[in-house]
Amino acid sequence: TAEIKEVNTYKAIDVVGMPVLISRGADGIARAFVNMCSHRGAQLVDPGVGTARRFACPYHNWTYNQEGDLVGVFKQDDFGQLDTSCLGLTQLPIAERAGLIWVTLSPDSKLDFDAFFAGYDEMLEFCDFASMNHFGTRILAGPNWKISFDGYVDFYHLPILHKNTFGPDMSPDALFHRVGPHQRVTGPRGNWAKLEGRPTSEWPESVLTGGVWSVFPHGSIAGFEIEGHKIYQVARVFPGATADESVTYLDFISTAPKTDEFIAAANKQIAFLENVVRDEDYATGLKIQRTVKTGAKKVLHFGRNEGGAQYVHGWLDALLVTADEDLNELFRNGIDAGRITNY
């Protein structure tokens, strides 16, 4: 939401081969389309964020409004008869919740977003993402998307792999708060015992919104404190061109105003986090990718203290054997606890 908060703004992005266009119309509603002209299939806009009341095709200047309607055809009298009402952009199902936007890549998808969220979106509202400003995007190449994503729900590696960045005193222990296919991963804190018996309305904001918010199947939101403000790293890990590759978008949003001073501080934090993900997590993941391909080990092991990845893979396994028409029932009913060792 932070990238297209104002009316007549848009974001174009390529997602696993699908060019997607998300726009916010004059009515304030966010809509999603295939970024493809109805005439001859040209891509309307290049990837990026911008402002536009109209989208004009660079090939023959067919023009669409923010609602996806075809509103202009170059030299229409010469072109011939057209029913422009049938030639709007192809819409994609979209949901905007808690200051975040979800899009499904199939125009015919019948996904019940309420069933998919399972109330997780209501929990995310506490973070107030909708009011935040966007401070930057980084795009990283990585190994297979599942190898990449495992690290976002794993605290076991923190004091080892990240000893030179986050420090060797990071706790390897984790608590998992699961809602539907999603989970919030937090580290135990000594002051939590003092909250026993107190209503949650009196709990500190850091307890309610801290940790890593994992959004199934490939999203992760982690918060950090700089200059007295919260800054969040919003990661989305997509499959790449081959099974050995992935593409990760890291977006950074904050409660802070976009002053020169905070932008400088944010850029420093962004560079630090980019280094952690690229040069530690993904550098290790790429080596894992190479060793796994050897076939030398037929089985890899997740311990009972690695419940985050177990939960993700349990849901992925269930998803793969579920027909599209049964997905909503799966999200409503959940998965068999037997799929998860540490459930």
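Going from the sequence shown to the numbering used here is simple: count from 1 and add 1171. C-beta atoms are modelled at their ideal positions from N, C-alpha and C, and glycine is treated no differently. Remember, predicted model here, so these are calculated numbers, not experimental data.
Asked, Found
"Alpha helix (DSSP H) runs contained entirely in the segment 1398-1458, provided each spans 4 or more residues", "1431-1446"
"Neighbourhood of TYR1327 by C-beta, 8 Å cutoff - its chain only, sequence neighbours within 5 removed", "PRO1343, ALA1345, GLY1474, ASN1476, GLU1477"
"Meets three-Cβ-pair contact criterion under 8 Å: the segment 1477-1490 and the segment 1368-1381", "no"
"Complete runs of the beta strand (DSSP E) confined to the segment 1237-1314 [at least 3 residues]", "1241-1243, 1265-1268, 1271-1274, 1304-1313"
"Whole beta strand (DSSP E) elements within the segment 1316-1375, 3-residue minimum", "1346-1350, 1353-1357"
"Extent of the continuous alpha helix (DSSP H) run through TYR1482", "1478-1491"
"For ILE1175, the three-state DSSP class (helix, strand or coil)", "helix"
"Contact the segment 1301-1311 vs the segment 1412-1422: 3+ CB pairs below 8 Å", "yes"
"Helix, strand or coil at ARG1475 according to DSSP, with G and I counted as helix", "coil"
"Residue range of the beta strand (DSSP E) that includes LEU1192", "1189-1195"
"ASN1446 to GLN1481 span [Cα, whole Å]", "26 Å"
"Sequence-distant residues of the same chain with beta carbon closer than 6 Å to GLY1270, five excluded per side", "THR1172, PHE1300, ALA1301"
"Expected contact under 8 Å - CB spacing of TRP1486 and PHE1387 to nearest Å", "6 Å"
"Cβ-based burial, LYS1458 [other Cβ within 10 Å; buried from 16]", "exposed"
"Among PHE1433, PHE1284, TRP1384, ARG1349, nearest to HIS1305 - alpha-carbon criterion", "PHE1433"
"Residue(s) in a DSSP beta bridge with TYR1235", "PHE1226, LEU1241"
"Burial state of PHE1204, where buried means 16 or more other Cβ atoms lie within 10 Å", "buried"
"Alpha-carbon to alpha-carbon, ARG1268 and VAL1187", "23 Å"
"Supposed contact pair ILE1175 and VAL1216 - C-beta distance, whole angstroms, cut 8 Å", "Actually they do not touch by this definition, with Cβ atoms about 13 Å apart."
"Same chain, Cβ closer than 6 Å to ARG1224, five either side skipped, listed in chain order", "ASN1179"
"Cβ neighbour criterion (16 or more within 10 Å) applied to ASP1321", "buried"
"Candidates GLU1398, ASN1315, ARG1461: closest to LYS1439 by CA position", "GLU1398"
"Integer-rounded CB distance, given that ILE1272 should sit under 8 Å from ALA1183", "Going by Cβ atoms, the distance from ALA1183 to ILE1272 rounds to 13 Å, so no, they are not a contact pair."
"Spatial neighbours of ASN1513 in its chain, beta-carbon cut-off 7 Å, leaving aside the 5 residues before and after", "The predicted position of ASN1513 is uncertain, since its pLDDT is 46 and thus under 50; a value taken from the coordinates is nonetheless stated next. The answer, listed in chain order, is ARG1475, GLY1478, GLN1481."
"Under the three-state DSSP convention, the category LYS1469 falls into", "coil"
"Counted within 10 angstroms of its Cβ, other Cβ atoms place CYS1208 as buried (16 or more) or exposed", "buried"
"LEU1501 classed as buried or exposed, judged by whether at least 16 other C-beta atoms fall within 10 angstroms", "buried"
"Three-state class that DSSP yields for SER1385 in the structure shown", "strand"
"Residue environment, VAL1470, which counts as buried when at least 16 other CB atoms sit within 10 Å", "exposed"
"Cα-Cα separation, TYR1291 to LEU1282", "16 Å"
"Pick from ILE1441, THR1255, TYR1230, ASP1249 that is closest to LEU1241, judged by C-alpha positions", "THR1255"
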